[in-house]
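Here the protein sequences come in this chain order: A and B.
If you read the first sequence in my numbering, its first letter stands for residue 24, the second for the next number, and so on.
If you read the second sequence in my numbering, its first letter stands for residue 384, the second for the next number, and so on.
Glycine included, each C-beta is placed from N, C-alpha and C at the ideal position.
Remarks on the structure that follows.
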Amino acid sequence: MRIITFIFALSLPLAGNSLPSEKRKNGPLIQDALSPVQVSLQESSAVFYNNETSKAFLYGTVVTDDGLIMTKASEIEDVESYYVRVGTKKFRDPIVVARNDVWDVMMIKIEAEGLKPVDFSQAKDLTHGTWVVSNGATERRFRRPRAGIISANKREIPGGSPAVLGVGLKEKDGDLFIDNVTEDSGAALAGLKKGDKLLKVDGSEIMDRDDLIIHLKEKSPGDKIKLILKRGSEELSLEVELMARHKLYGKGETRNDQLSGGEAQQSARRTGFPMVLQHETMLNRNTVGGPVFTLDNQFVGMNIAAVNRVEAFAIPGQELSELLAELRKAP
Amino acid sequence: MACSLGFGSLVYADRPDFNDKEAPQTLGDFREIQNALQSHLERTRSATVCLEMGGGSGSAVIISKDGLVLTAAHVTSKVDEEIKVIMEDGREFTGRSLGLNSETDSAMLQIEDAGPFPFVEVDLKDTTKLGDWVFSLGHSGGFDKARGVNVRVGRLVREAETTVQSDCMLIGGDSGGPLFNMEGELIAIHSRVGASREESMHVPIREFQSHWDELKSGKFIGEGGFAQKSKPGTGFLGVATEESEEGGLKVTELWKDGVAEKIGLKVGDRIVEIAGEKATKQLMASKLAELGAGDKLTLKWISGKESKEETVKLGERP
């Protein structure tokens, strides 16, 4: 379906009256009025700074008083070295302790004590139109609040497994074949070819497409899988490294992506979440990862994707709390 | 302003206090905005529809019980065209585009199925002012049943006669969707966006009112950039004829897969009326010179002993 897109009006034909920018929705007067909520953002947000550029590139959510922080994995995994600020304090040498690719969450530890973590017991379902407050831009000592409303139904965002082989499949006469191989994918590097017939994955037989898809669902980017396949009369055994779906396929920009500022503004990973709250706070890829609060300072969830011009996704508090328990149990 | 709206009496609630403040000063002010917005969401969401036509998708809003709909000209893009209307709950109806104003981006549509339909009140008295809090609805990016209608909030930040600007963010697919004041009345229809996410342009209701009867009667107004009329002379019927001694035009040749062939005209049939007038070679030539591809033409012809009539949409001249 083609979406009827807006016409860009670069110079407005509006000679009429105009509201001064400080009074607008994202203006400073509104920011000032949000100061009772800013306190929570100030205490329970972490800010990640790139060591090389000293620029803030991502927020995190403080989840324990001794320095566990959750943030968006795909925005931090490729940054070589970074430091963290919570409140006004700077923390060097953060350590990655766990990650979950289904939710695109990384858990990071800093050497700290007496932090003020978000209170998961407060999280509750919110209806459309409820104000929520997130981090906008940041100053070194001050987290700036930005408001938006819950804008759509809470739901799952489909998107396929986070880890992919990089092949297209074709079923024929009850057998499964490789139909095409994506350039630069793990499958291409391992030497898979169009026409290969798939027999086994990690020791189990492949009967149809679903067998392979279900197997990949459990995997993370970087994991290796062993495929047994038939090429001509030859049987081959190949090891393939899986890649992150958003890195292999994330580049295809739609017209709405362009309208949303493309790669500079949107999170690279913005689909495939088991459950999200949608709000319309104006975020970009560098302002996700932090906590979301209600006007009553109740913790709502953690921003996980700047999706487009009008949509931001947050992992709901309940789901984030369950994920935290799971990640802390992991070896 | 005089205008022939056929829907019930309008109730004007008191103007909310927060609209007269420079900006919210306390969290209480935010809560009042939230309460006002939420009190109107059920009704406004149920009347906000997705339009699908010719592989494209936009938004619109129902303003009467019997299914009169307001939208943008660049969404319907043509008059008298069949358009699918989808409600937030997924129910589908058939609509037909009425008139449009190609210069200001206003358009109307009528749902052809029987009502009653959920509908919204319209700010006919033009009470909404610069700085007022507003909310925007739409099927952003196309219909998505799991997501539902997308809600956004903001303020009216600029005003001109035929365009108003808000800082409610919009995206493709929202085109033609509604903008409401905090009394839940429709004040404008989404039209276009600026380069910044905080610049959204809408067509105010007063612009619809000033062309109400023309829009309702299916007129294509102006020669602006929001919709283009078909070019005269580009229409093609795909038939060759000669004057018949019995009167009318005898079909001598048909183009393969042409419009005439598709409606069932056969070589030897006799066209007796074109657009309600007696068929002559001259009338056929002048009609085709005046109409363009996509325009409609009604033909009446005799095939054997049967008399047939069809309205066809002209094809593109090869």
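Asked                                                                                                                            : Found
3-residue-minimum beta strand (DSSP E) runs that sit fully inside the stretch 431-472 of chain B, ordered along the chain        : 431-436, 439-445, 451-455, 465-469
Start-to-end residues for the beta strand (DSSP E) that takes in K78 of chain A                                                  : Careful: K78 of chain A lies outside any beta strand (DSSP E) and carries neither H nor E.
CB contact below 7 angstroms: S429 of chain B versus chain A                                                                     : no
Beta-carbon spacing of T427 of chain B, V536 of chain B below 7 angstroms                                                        : no
Closest by C-alpha distance to V452 of chain B, when choosing among B:T545, B:I572, B:H522, B:F526                               : B:I572
8 angstroms Cβ cut-off: residues of chain B touching K46 of chain A                                                              : E405, A406, G514, R538
Where T409 of chain B meets chain A, residues with beta-carbon distance less than 8 angstroms                                    : A56
At least three beta-carbon pairs within less than 8 angstroms, the stretch 633-649 of chain B to the stretch 662-677 of chain B  : no
Buried/exposed call for S77 of chain A, threshold 16 Cβ in 10 Å                                                                  : exposed
Chain-ordered neighbours of Q417 of chain B on chain A, where CB pairs are closer than 9 angstroms                               : G152, T153, W154, I172, L318
Beta-carbon proximity of R538 of chain B to T617 of chain B, cut-off 7 angstroms                                                 : no
Beta carbon proximity, D550 of chain B to chain A, threshold 7 angstroms                                                         : yes
Listed by chain order, chain B residues near M266 of chain A by CB distance under 8 angstroms                                    : None at all; the shortest Cβ gap to chain B is about 27 angstroms.
Cβ distance (whole Å) where L52 of chain A is taken to contact A406 of chain B below 8 angstroms                                 : 4 angstroms
The stretch 276-288 of chain A: positions lying closer than 9 angstroms to chain B by Cβ                                         : T277, R278, N279, L282, S283, G284, Q288
Neighbour-count burial assignment, K461 of chain B, 16 or more Cβ in a 10 Å radius                                               : buried
Cβ-based neighbour list, M584 of chain B, same chain, cut-off 6 angstroms, excluding 5 preceding and 5 following                 : T546, Q548, S574, R575
Buried/exposed call for F296 of chain A, threshold 16 Cβ in 10 Å                                                                 : buried
Residue range of the unbroken beta strand (DSSP E) whose run includes S519 of chain B                                            : 516-521
Beta carbon proximity, R16 of chain A to chain B, threshold 7 angstroms                                                          : Since the first residue shown for chain A is 24 and the last is 354, residue 16 of chain A is missing from the structure and cannot be characterised.
Per DSSP, cross-strand counterpart(s) of E194 of chain A                                                                         : A:L199
CA nearest to the CA of L252 of chain A, picked from A:I229, A:D196, A:V311                                                      : A:I229
Own chain partners of D488 of chain B with C-beta closer than 7 angstroms, once the 5 adjacent residues on each side are dropped : A455, A456, H457, S574, V586, F609
Neighbourhood of L350 of chain A by C-beta, 6 angstroms cutoff - its chain only, sequence neighbours within 5 removed            : A121, M130
Straight-line Cα distance separating L318 of chain A from T431 of chain B                                                        : 28 angstroms
Whether A96 of chain A touches D127 of chain A by CB criterion (7 angstroms)                                                     : yes
Within chain B, partners of L52 of chain A - CB distance below 9 angstroms                                                       : E405, A406, P407, Q408
Residue environment, S690 of chain B, which counts as buried when at least 16 other CB atoms sit within 10 Å                     : exposed
Limits of the unbroken beta strand (DSSP E) element including W684 of chain B                                                    : 679-686
Nearest-angstrom beta carbon gap, D652 of chain B and S686 of chain B [assumed within contact, 8 angstroms]                      : 5 angstroms
Listed by chain order, chain B residues near R12 of chain A by CB distance under 8 angstroms                                     : Outside the shown range of chain A (24 to 354) lies residue 12 of chain A, about which nothing can therefore be said.
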